[in-house]
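For the sequence shown, my numbering begins at 193 and goes up steadily by one. Glycine included, each C-beta is placed from N, C-alpha and C at the ideal position.
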Amino acid sequence: MDQRVMDQLVAYEYRDKVALPQPPESRVRRDVRFSLWRFLAGFCIVLVLAACAWPHLPRVYVAMETLVLRPTGLNGPVDPTAAMRQPLDESAVLSELDMLRLDGLVDHVIARHGLDADPEFAPSRGPAELLVRAADRWPGIFPRPQRAENRERDTAELRRNVRDHFVIDRDRRSYTFRVGFRSSDPHKAAAVAATIVQQFVDMQVERKRAILENVTAHQAEREHALRDRAGAARREILEFRIATGLIDQGARASLEAQLAALSAEAAATHARAIEATTRAQMLASMQEQGTLDGAPEVLSSPIVQQLNQSLSAAFARPTIFPAEVNAIKEQIAATRDRILVAAQAEAANWIKRRSLIEDELRDIRERLVELNKNQFRLDAMMQEAANADAAFLEALTSLRSMAAPNGLQPDVEVVSPATVPDRPAFPSPIPFGAGVLMLGVLAGAALNPRPLLRGVQRLVTG
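Right, dumping it as structure tokens:
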């Protein structure tokens, strides 16, 4: 009977749950047990193969350098506290790490160590190289590819191969990270790792130098502009002082002295003018009233006194001559009129003198006001010139402080330089041994498939 039919009959259950008896040969075939010898044979075969392959596995060595980002800024060389600041954020740290993958750095490493001729990093010669060789041998059949495109493709592949061997490790959110290189040659790994870090530091210094040169050029232009501005302000001040007369320091003192003297003279003249005007008005009023003979000026006049004496002597004679008396009276009247005219003329003279003095005072005051305005304007110009000088000195000081680009320090410090590794990073004995044990167990299990499948089937079916 066919074995499949027997299995179906065995698996069939009757209503009374009693299975049919199985043939002896089927029972033997179903009771195949796990063989420890087969498992040990497979396990030992894997161990032997692993032991034979271990010396022939390619070794990969990794050389690492530990760096810490510590920016110093432009004042780092002269400011000792600048090195203690850590103004970096996460984005700035990641940006610095991205600088390690730039094409310029990779090209420098390739040129420095000749990695383009190293078989470990040289681009693989694929169909393009075969096409070039075929075009060289049969130029009429195969077209020759463009060398520029091949060169660019090879350069890009070389950069990618070298960049894939870079090791950048930053396991924590800190300013410390590790930069290294892996290669089959430990000395090459250490040398290339040192070159990567040195080029990274040089690129930082070069970027800072370029920034500093740009800032220095801007500061130099600003310094020249401020120098010209300060010189123009000083020349403008000198020309303004010459034009307004402020360069003569005694002009203001002279005007102030004239103002004081004329003010006193104006006061006295004003008083005299009032006095003379009053006297003239009084004499005119007495003349209108006919009492001018009793005026003090008339009575105290020597001419009037002499004429009065002559009139008295004429009346004292035994014989009075009317013509003589009338002549004396006419002289006395004419003298009174002259006294009145003289008083009016004196009053007019004092009034005119007062007006002239007031005009002179007004002119002196206007000149002083103009001097004060010019002085205020001069003070503003001097303040502006002082501000220009201060800005110029500040720009000059800043320019001198930045005049030493050779003293720039990088923002990164090498804490632990790269050394030649004494043991490879791959293969590692512990992971290799764990893998070999796992493969040995799988090999031993592969030599006992049916018992394992039966056990799995029992676990699945319950």
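What is the rounded straight-line gap between the Cα of residue i and the Cα of residue j?
i: Trp542; j: Gln441; result: 35 Å
i: Thr461; j: Arg559; result: 23 Å
i: Ala417; j: Glu448; result: 42 Å
i: Ala409; j: Glu552; result: 60 Å
i: Leu292; j: Arg370; result: 11 Å
i: Arg545; j: Ser455; result: 13 Å
i: Leu307; j: Ser376; result: 13 Å
i: Val254; j: Val652; result: 47 Å
i: Lys521; j: Arg464; result: 32 Å
i: Leu201; j: Arg642; result: The pLDDT assigned to Leu201 is 45, lower than 50, so where the model puts this residue is not dependable; a value taken from the coordinates is nonetheless given after this. One C-alpha to the other measures close to 21 Å.
i: Val298; j: Val260; result: 21 Å
i: Ala540; j: Glu489; result: 18 Å
i: Asn658; j: Ala577; result: Past the edges of the chain, shown from 193 to 654, lies residue 658, and the structure says nothing about it.
i: Arg444; j: Ala452; result: 12 Å
i: Pro311; j: Arg343; result: 17 Å
i: Val389; j: Val612; result: 15 Å
i: Glu467; j: Ser493; result: 19 Å
i: Arg362; j: Thr368; result: 7 Å
i: Arg401; j: Ala583; result: 25 Å
i: Arg419; j: Asn564; result: 30 Å
i: Ala284; j: Ala617; result: 30 Å
i: Glu457; j: Ile549; result: 8 Å
i: Asp281; j: Glu605; result: 17 Å
i: Pro378; j: Ala385; result: 11 Å
i: Ser547; j: Gln473; result: 20 Å
i: Thr347; j: Leu294; result: 14 Å
i: Gly423; j: Met574; result: 12 Å
i: Gly482; j: Glu538; result: 22 Å
i: Ala412; j: Ile434; result: 33 Å
i: Val633; j: Gln391; result: 49 Å
i: Arg554; j: Phe568; result: 21 Å
i: Asp356; j: Ile403; result: 31 Å
i: Ala243; j: Pro621; result: 11 Å
i: Leu232; j: Leu631; result: 12 Å
i: Arg646; j: Cys236; result: 25 Å
i: Leu585; j: Arg592; result: 10 Å
Mapping the DSSP letters down to three states, classify residue i as helix, strand or coil.
i: Phe584; result: helix
i: Ala383; result: helix
i: Leu484; result: helix
i: Gly655; result: The question about residue 655 has no answer, for the chain in this structure spans 193 to 654.
i: Ala617; result: coil
i: Ser493; result: coil
i: Leu259; result: strand
i: Ile439; result: coil
i: Pro269; result: In this prediction, Pro269 scores a pLDDT of 46, lower than 50, which makes its location untrustworthy; no coordinate-derived value is stated.
i: Asp361; result: strand
i: Ser608; result: strand
i: Asp551; result: helix
i: Arg642; result: helix
With distance defined between alpha-carbon atoms, name the residue in the options nearest to residue i.
i: Gln479; options: Leu286, Gln536, Glu467; result: Gln536
i: His432; options: Pro641, Ala572, Val606; result: According to the sequence as given, residue 432 is Phe; it is not His. Of Pro641, Ala572, Val606, the residue nearest in Cα terms is Ala572.
i: Ala383; options: Ile531, Arg304, Ala638, Ile429; result: Arg304
i: Val238; options: Met395, Phe624, Leu644, Leu289; result: Phe624
i: Val393; options: Glu413, Leu644, Arg554, Glu288; result: Glu288
i: Ser366; options: Thr347, Arg262, Gly234, Phe373; result: Arg262
i: Thr436; options: Arg364, Glu562, Gln473; result: Glu562
i: Leu600; options: Leu286, Ala242, Met395, Ala309; result: Met395
i: Leu286; options: Arg364, Val533, Leu631; result: Arg364
i: Ser446; options: Gln411, Arg426, Ser504, Arg557; result: Arg557
Between residue i and chain B, is the shortest Cβ-Cβ distance under 8 Å, so that the two count as touching?
i: Ala443; result: Here chain B cannot be found, since the structure has a single protein chain.
Residue i and residue j look like a contact to me (Cβ under 8 Å); what is the Cβ gap, rounded to whole Å?
i: Arg251; j: Asn640; result: Not quite, the Cβ-Cβ distance comes to about 36 Å (not below 8 Å), so this is no contact.
i: Leu570; j: Ile439; result: The Cβ separation is near 10 Å, so there is no contact.
i: Ser608; j: Glu257; result: 6 Å
i: Val354; j: Ile302; result: 6 Å
i: Phe313; j: Leu350; result: 6 Å
i: Ile524; j: Leu475; result: With a Cβ gap of about 15 Å, Ile524 and Leu475 do not count as contacting.
i: Leu644; j: Ala637; result: 6 Å
i: Ala635; j: Gly296; result: That pair is no contact at about 50 Å.
i: Ala580; j: Glu415; result: Not confirmed; about 12 Å, so no contact.
i: Pro602; j: Val407; result: The pair is not a contact, with the Cβ atoms about 18 Å apart (cut-off 8 Å).
i: Leu484; j: Arg528; result: 5 Å
i: Pro619; j: Leu249; result: 5 Å
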